[in-house]
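Novice: Number 324 marks the last residue of the sequence shown (my numbering); no jumps.
Virtual Cβ for every residue (Gly too), placed ideally from N, Cα, C.
In this text, all values refer to a predicted model and were calculated from it rather than measured experimentally.
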Amino acid sequence: MLSRRIIPCLDVREGRTTKGIKFKNNVDIGDPVEMAKLYYEQGADEIVFYDITASHEKRDIMIDVVRRVAETIFIPFSVGGGIRTVDDMRAVLLAGAEKVSVNSAAVKNPEIIRQGAEAFGNQCVVLGMDVKQVEVSDTIPSGYEIVINGGRKHMGMDAVQWALKAQELGAGEICLNSIDADGMKTGYEVNLTRLISETVDIPVIASGGAGEPEHLREVLTDGKADAALIASMVHYGDYTVPGIKEYLQNAGVKVRNRW
């Protein structure tokens, strides 16, 4: 059995780490470079960096911050937000990231997944999915709809169908974020996570809703996720990466304690 990954997520706006609830009411919580270094030293398996307003503001990602983070940590580093072309992907990878995450741009132009996979390999391309629960319909048979631009725009696309299409196009991993659970600290959307995990053959990272270690245990077992993204629970000092890993290990979830 592969070790489950614990991945701190840094949502960045105007060069600072920020956190909100359901992508709203964001507050400044620190310097992304310093925070990435802390989590790296604590034993995080990866770091995820999202420039959360780049797509909505139709601007490029902040490459200088990406470069500074990449120079500071020595674990896999995934970057998303404002990546619209293969050239954008190349710039982020050359700045030191191991993976690029495409979300809104991939919904608008699915071919960017194929282009990125062909240029850099499937392992470099992560599909970011922001998902909201809706009424079941002919268009959304799973009851989970894709939304983009930080949850601002509903796309009329079924999340399960989109996950399958992205896998076929060459995505090497899915980062699955529940808009309904995001920032609530009441637990991941386990049903959604299990649904996507059972549908695709590529790794699924659960995102949105972690508030305590038990939430990670639940999504990594019942939700069948391969990894779990964490933010608020470590950003505010309620828990630490080593503490979370110790809890999971004691609960029978295999984690990597040391590199």
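(1) Should the segment 210-224 be regarded as contacting the segment 128-145, the criterion being three or more beta carbon pairs within less than 8 Å?
(2) Ignoring anything shorter than 4 residues, give me the alpha helix (DSSP H) runs that lie fully in the segment 136-166, in order along the chain.
(3) Enumerate in chain order the residues of its own chain whose CB-to-CB distance from aspartate 291 is below 6 Å, with the five nearest sequence positions on each side excluded.
(4) Using DSSP with H/G/I as helix, E/B as strand and the rest coil, what is tyrosine 115?
(5) For aspartate 95, which beta-bridge partners are listed by DSSP?
(6) Under 8 Å: do the segment 275-287 and the segment 224-232 share three or more Cβ pairs, one atom per stretch?
(7) Put glutamate 238 into one of helix, strand or coil per three-state DSSP.
(8) Name, in chain order, the residues that DSSP records as bridge partners for cysteine 74.
(9) Contact check, valine 191 vs lysine 164 under 8 Å by CB: the rounded distance?
(10) What ranges does the alpha helix (DSSP H) occupy inside the segment 155-226, keeping only unbroken runs of at least 4 residues that lie completely in it?
(11) Going by other Cβ atoms of all chains shown within 10 Å of its Cβ, with 16 needed for buried, is leucine 159 buried or exposed?
Specialist: Straight from the coordinates:
(1) no
(2) 151-159
(3) Pro268, Val269
(4) strand
(5) The residue asked about is misnamed: residue 95 is glycine in this sequence, not aspartate. Paired residue(s): Thr82.
(6) no
(7) strand
(8) Val113
(9) 5 Å
(10) 169-173, 176-185
(11) exposed
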